[in-house]
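Chains as they are written, first to last, in the numbering used here: chain A, 6 to 367; chain B, 4 to 236; chain C, 143 to 438.
One structure is given here, and the rest of the page talks about it.
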Amino acid sequence: MLSLFVPLVVFGLLALVPQLSVDVPRLFDGPLDTPGTLQILALCLLFGGVAMSYDLLFGYTGLLSFGHALYFALGVYLTAIGLSKWEWSLARTLLVVALIGLIAPLVLGTISLRVGGIAFAMVTLAFAQAGTVIVAKNPDGLTGAEEGVFLNVDPLPEFFVGVFNMKNLYWLALGYAAAVFFIVRWATDSSPGRVWQAIRENELRVQVLGLRPFSYKLMAFVLASFLATAGGVVYAILIGGATPEVASPNLTLSLLIMVVLGGAGLRWGALLGGILYTFLDQRLPALAGSEQVQDLPSIFRTPLSEPLFVLGTLFILLVFFLPGGIAGIGRRGRRRGLRLLDEAVRPEGARGGVVDEAEAQA
Amino acid sequence: MKPLLEVEGLDVFLGGSHVLKGVSFAVAEGGVTALLGRNGVGKTTTLRAIMGLSERRGRVSLDGAELARERTDRIVRRGVGYVPEDRDIFATLTVEENLRLAERNGSARYDLVYDLFPELRERGGQRAGTLSGGQQQMLAISRALLNENRLLLIDEPTKGLAPLLVTEVAKALEKAAEIATVLLVEQNLGVVRRIADQVVVLDVGRVVHAGPAKTFLDDPQLIHRYLGVSGAE
Amino acid sequence: MSTWVLLTITGLGLGAMYFLIASGLSLIYGLMGVLNFAHGAFITVGAYASWYAQGKLDGIGSIPLRFLAAALVGLAVGGAIAILTELVLIRPLYQRHIEQVLVTVGLGLALTALVAGIWTQTQQVYLTPMWLTETTSVFGASIPNDRFVEIGAAVVVLVGILAFFRFTRYGLIVRAGVENRAMVMALGIDVRKAFTLVFLLGGLAAALAGILSGVYYGGIDPARGTHLLIYAFIVVVIGGLGSIVGSAAAAVIVGLMQQYANYYASSGVGDIAVVLLLAAVLLVRPGGLSGAVAAH
Chain A
6 MLSLFVPLVV FGLLALVPQL SVDVPRLFDG PLDTPGTLQI LALCLLFGGV
56 AMSYDLLFGY TGLLSFGHAL YFALGVYLTA IGLSKWEWSL ARTLLVVALI
106 GLIAPLVLGT ISLRVGGIAF AMVTLAFAQA GTVIVAKNPD GLTGAEEGVF
156 LNVDPLPEFF VGVFNMKNLY WLALGYAAAV FFIVRWATDS SPGRVWQAIR
206 ENELRVQVLG LRPFSYKLMA FVLASFLATA GGVVYAILIG GATPEVASPN
256 LTLSLLIMVV LGGAGLRWGA LLGGILYTFL DQRLPALAGS EQVQDLPSIF
306 RTPLSEPLFV LGTLFILLVF FLPGGIAGIG RRGRRRGLRL LDEAVRPEGA
356 RGGVVDEAEA QA
Chain B
4 MKPLLEVEGL DVFLGGSHVL KGVSFAVAEG GVTALLGRNG VGKTTTLRAI
54 MGLSERRGRV SLDGAELARE RTDRIVRRGV GYVPEDRDIF ATLTVEENLR
104 LAERNGSARY DLVYDLFPEL RERGGQRAGT LSGGQQQMLA ISRALLNENR
154 LLLIDEPTKG LAPLLVTEVA KALEKAAEIA TVLLVEQNLG VVRRIADQVV
204 VLDVGRVVHA GPAKTFLDDP QLIHRYLGVS GAE
Chain C
143 MSTWVLLTIT GLGLGAMYFL IASGLSLIYG LMGVLNFAHG AFITVGAYAS
193 WYAQGKLDGI GSIPLRFLAA ALVGLAVGGA IAILTELVLI RPLYQRHIEQ
243 VLVTVGLGLA LTALVAGIWT QTQQVYLTPM WLTETTSVFG ASIPNDRFVE
293 IGAAVVVLVG ILAFFRFTRY GLIVRAGVEN RAMVMALGID VRKAFTLVFL
343 LGGLAAALAG ILSGVYYGGI DPARGTHLLI YAFIVVVIGG LGSIVGSAAA
393 AVIVGLMQQY ANYYASSGVG DIAVVLLLAA VLLVRPGGLS GAVAAH
């Protein structure tokens, strides 16, 4: 019961934030209940949720996918296109997104999971690249290429529209993050969830036990992707449209960083990592514009003005000194979670048969 | 005789299980020591640990030099030759390239190797992956003999070989024993009887018996207890 | 007909650049088990270093001379970054494969962002000798001469790598190491030196690809490296991880396919066709064209 208590309290407290007229200097430009600050917080929570969905795939099941952003982008673009270009009702849009959000990973996952290790990572990368290309090529003017799609807010319920309703959007994002948290937790604690973790540890053993890893992996893949697609819907509503960045390779890499930053395969890890990463990504440009940084000689100023440079460098340091991520601080065997993920980058051509560089079983 | 190799308190964990639990033994200089035991007791793991191919704790010293913290390639350069259980010859390289790769400092004893295994000279340009099992074994042994190694770690060289080939390999091992100290993992007791002076017996990750080979091999009870065979080999 | 010839040679030119990148990736992965996401940054750094040198050399000597000198600078910088990366970031994480991949991801993001920060996302015009922009007539088609240079460069690199494998000791070590890294160590060879060498070679080839891409596209931008990298990854997997010849064959196929499909179907279809090709190859032959599965 305690394990239910803590997250409920945490999310409960987070729900109170829009009521707090509290100033947090340096971290935010305005008090917590202002729209600007709330939007940033909402984004942090949203990506915390998406990061958790990626953790399900990568941290728990050991599937290193480089194309997770594709499903997120799917949610974003379908929502925007459905509401704006095709002028559907919200209900219809959500239904279609949900359907595609299940079918797409089912099909693509079935193909991708034919191989494992690096080959799997590359296939997912390739599929995501196809998505990037489709978005850029702007078929029928649907995706808007560089400009993206501006969201038509008419079909949306009133309380999600307008700057003054930002707190509702915040709660939407919070709701999403909480939902993902509990779903991922329920899933990983369930018996398929245990199989996922066993697969991460040693797929060969799972096969020896008479289970078929493929169907479990597919399950994890579809669930994780669906959760990401749902996040995409929230994102489109939150920022009011779709832009090509969500379909870029950088986003999946960012998700990877979020998960490792927070701690792969750990309860709170991905959520923490997602929140922290998004916060830094949002606020670093503002920091770069601050007086202290502007006064620095350009050799320092320029790198610091680029959020990805700072994040990339911090990530490198993280991998060296804190590979277990933030949630992994103090845990025995700092590297434990990551060591199990070594399996994900094994050279593996054919199905099954992981070549174990470590030793033969005694 | 002074021990060339001393292993003390060797501990190895593999994937969570404690495979070697404080293995200790010594290998005298010159001669052949056979490492015996049932399947899965840790014989291969012991050799690999000495070679630095797995994480290990404890002491491993070669003629006084401490090996337990060293990288594999440095261990080998101290004069250790290794013939792994699966031979691990490079299939995409030719026979000649396999040997050439093993050269360490120009003083390679090709004469010795080609004397023992003339076939290797004939098949120099052949891709090693197309050799028969027996030929691959000869190649693997030759690699270890090519340099003036003081210690040879040989893991089940007769495994899977036809009886005629077993004899050939045994002859090669005799030759090897003349020029180096050998620590040999071997299931074939006939071969052991033929060339080993000492035996070290492992059971579930520990040394349970060490002493002269003859004494052990002549005792069917010992053989049965630790190797689980009737002794009629 | 002449259109087809133009498409084919352009496709080969594109494939040539893919090969230059893929060869390094394939070797690095095959030998070291490292998926080098920083490779895209090597491309970008090579391109920008040479472009920067071009600017600095402005007015000195003839254009072709400047171009060559700047190219050398680009290669040198690319190679240096590659060596540094291996020594400082990769080597200390020996045998910690997932961390090695993660570190290259971070480096790739950081370096690309740094370049974008210094010179913005705008495409920079790349100095190109006149001859390269002129065309030569082949079977009635007007082929821009730079295509020949790209193809030539790829062929030279391919032959060079194969010769390196065949005739040098380090080449032997790399070939053996791709098959079985641990056994190479067990023969007394410090395989880590080969790692650095392979990273250097990969970095040089990537920088060269960056430079040639400047000519091919007429300009450079920070996202170029990442963009080319993705297709190079696809080429590597289709060709078979760890196989140079496989990468070469796959690069040709991918380059041609992209060109043909983008033209005969419609723009963008080629890129998607490549992805489908990858999926198809993996379904039928998971080890890629060469079937080479690097066994470590």
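Virtual Cβ for every residue (Gly too), placed ideally from N, Cα, C.
Using C-beta distances below 7 Å, list every residue in its chain close to residue i, excluding the 5 sequence neighbours before and after it, in chain order.
i, result
"R51(B)", "S57"
"V211(A)", "V200, A203, I204, P218"
"T278(C)", "I285, N287"
"G136(B)", "G163, L164"
"L62(A)", "L68, S70, H73, A225, F226, A229"
"V239(A)", "L51, L177, A178, Y181"
8 Å is my cut-off, CB to CB: does residue i come that close to chain D?
i, result
"F161(C)", "Although the question refers to chain D, the structure presented lacks it and instead comprises the protein chains A, B and C."
If I follow the unbroken alpha helix (DSSP H) through residue i, where does it start and stop?
i, result
"P254(A)", "254-267"
"S303(A)", "303-310"
"A348(C)", "333-359"
"A218(C)", "205-226"
"V188(B)", "That residue, V188(B), is in no alpha helix (DSSP H); its beta strand (DSSP E) goes 184-188."
Closer than 8 Å by C-beta to residue i: which residues in its own chain qualify, once you throw out the five before and the five after it? Chain order, please.
i, result
"A150(A)", "V140, A141, K142, N143, P249"
"I86(A)", "L147, T148, V154, A247"
"L314(C)", "F307"
"L269(C)", "W193, Q196, I205, R208, F209, A212"
"L162(C)", "A295, A296, V299, A347, A348, L350, A351, L354"
"G453(C)", "The structure shown does not extend to residue 453(C), since chain C is modelled only from 143 through 438, so no value can be given for it."
"V280(C)", "V147, I151"
"A437(C)", "Confidence at A437(C) is low in this model, with a pLDDT of 37, below 50, so its placement is unreliable and the value that follows should be read with caution. If we look at A437(C) and ignore the five residues flanking it on each side, its Cβ neighbours are E321, N322."
The beta strand (DSSP E) that contains residue i, what's its start and end?
i, result
"G61(B)", "60-65"
"S27(B)", "20-31"
"L155(B)", "154-158"
"I86(A)", "Per DSSP, I86(A) belongs to no beta strand (DSSP E) and is neither H nor E."
"A37(B)", "35-39"
"E9(B)", "6-17"
With a cut-off of 8 Å on the beta carbons, I'd call residue i and residue j a contact; round off their distance for me.
i, j, result
"L260(A)", "V185(A)", "Actually they do not touch by this definition, with Cβ atoms about 13 Å apart."
"L228(A)", "V265(A)", "With 8 Å as the limit, L228(A) and V265(A) do not qualify as a contact, their Cβ atoms being about 21 Å apart."
"G397(C)", "S389(C)", "About 12 Å; that fails the 8 Å criterion."
"Q139(B)", "I92(B)", "5 Å"
"I372(C)", "L154(C)", "I372(C) to L154(C), Cβ: 20 Å. No contact."
"L46(A)", "V22(A)", "7 Å"
"T49(B)", "L38(B)", "6 Å"
"L192(B)", "L168(B)", "L192(B) to L168(B), Cβ: 17 Å. No contact."
"V245(C)", "L235(C)", "7 Å"
"T184(B)", "G33(B)", "6 Å"
Which residues in the same chain have their Cβ closer than 6 Å to the Cβ of residue i, if we skip the five residues on either side of it in sequence?
i, result
"G53(A)", "A182, L276, G279, I280"
"E364(A)", "Only weak support is given to the placement of E364(A): the predicted model assigns it a pLDDT of 28, under 50, and the question is left unresolved by the model."
"D28(A)", "P36"
"A209(B)", "The residue you asked about is not Ala; residue 209(B) is Arg in the sequence shown. Contacts found: K24."
"R126(B)", "V98"
* To do: Anything in the segment 141-165 of chain A with a Cβ closer than 7 Å to a Cβ of chain C? List those residues in chain order, please.
  => For the segment 141-165 of chain A, which is checked against every Cβ of chain C, the residues closer than 7 Å are K142.
* Asked: Can you give, in chain order, each stretch of the alpha helix (DSSP H) that sits fully within the segment 103-169 of chain A and has at least 4 residues?
  -> Unbroken alpha helix (DSSP H) runs of no fewer than 4 residues, entirely contained in the segment 103-169 of chain A, are found at 122-142, following chain order.
* Output the residue ranges of the alpha helix (DSSP H) runs that lie fully inside the segment 382-429 of chain C and measure 4 residues or longer, sorted by chain position. => Correct list: 386-402, 411-426.
* **Every unbroken beta strand (DSSP E) within the segment 66-123 of chain B, with a cutoff of 3 residues, ordered by chain** => Unbroken beta strand (DSSP E) runs of no fewer than 3 residues, entirely contained in the segment 66-123 of chain B, are found at 83-86, following chain order.
* Mind pulling the beta strand (DSSP E) runs of 3 or more residues that sit fully within the segment 206-236 of chain B? -> You should have 209-215.
* Asked: Mind listing which residues of the segment 367-390 of chain C have their C-beta closer than 8 Å to chain B's C-betas, in chain order?
  -> Within the segment 367-390 of chain C, no residue qualifies.
* Residues in the segment 209-242 of chain C having any Cβ partner in chain B nearer than 9 Å -> Listed by position, the residues of the segment 209-242 of chain C near chain B (Cβ gap below 9 Å) amount to none.
* To do: Closer than 9 Å, Cβ to Cβ, to anything on chain B: give me those residues from the segment 321-346 of chain C, in chain order.
  => Hits within the stretch, in order: E321, N322, A324, M325, V326, M327, A328, L329, G330, I331, D332, V333, R334.
* To do: Give, in chain order, every residue of the segment 119-139 of chain A whose Cβ lies closer than 8 Å to some Cβ of chain C.
  => Taking 8 Å as the Cβ-Cβ cut-off against chain C, the residues of the segment 119-139 of chain A that qualify are R119, V120, I123, A124, A126, M127, V128, L130, A131, F132, Q134, A135, V138, I139.
* Chain-ordered residues of the segment 320-336 of chain A with a beta carbon less than 9 Å from chain C -> Answer set for the segment 320-336 of chain A: F320, I321, L322, L323, V324, F325, P328.
* the segment 299-310 of chain A: positions lying closer than 8 Å to chain C by Cβ -> Those residues of the segment 299-310 of chain A placed with their C-beta closer than 8 Å to a C-beta in chain C are T307, P308, S310, ordered along the chain.
* To do: Closer than 7 Å, Cβ to Cβ, to anything on chain A: give me those residues from the segment 390-401 of chain C, in chain order.
  => If the cut-off is 7 Å between Cβ atoms, the segment 390-401 of chain C has nothing near chain A.
* Only counting runs of 4 or more residues, tell me where the alpha helix (DSSP H) segments fall wholly within the segment 250-287 of chain C, in order along the chain. => The qualifying runs are 272-275.
* To do: Check distances from the C-beta atoms of the segment 38-58 of chain B to those of chain C and list, in chain order, the residues that come in under 7 Å.
  => Cβ contacts with chain C: M54, L56.
* Near-chain A residues of the segment 408-425 of chain C (beta-carbon distance less than 7 Å), N- to C-terminal order -> When C-beta distances to chain A are compared with 7 Å, the residues of the segment 408-425 of chain C below that value are S409, G410, D413, I414, V417, L420, A421, L424, L425, in chain order.
* To do: Please name the residues in the segment 137-148 of chain B whose beta-carbon is closer than 8 Å to at least one beta-carbon of chain C, in chain order.
  => Residues of the segment 137-148 of chain B with a Cβ closer than 8 Å to any Cβ of chain C, in chain order: R146.
* To do: Compile a chain-ordered list of the residues in the segment 249-282 of chain C whose CB is closer than 7 Å to at least one CB of chain A.
  => Using a CB distance below 7 Å, the part of the segment 249-282 of chain C facing chain A consists of L249, L251, A252, A255, L256, A258, G259, I260, ordered along the chain.
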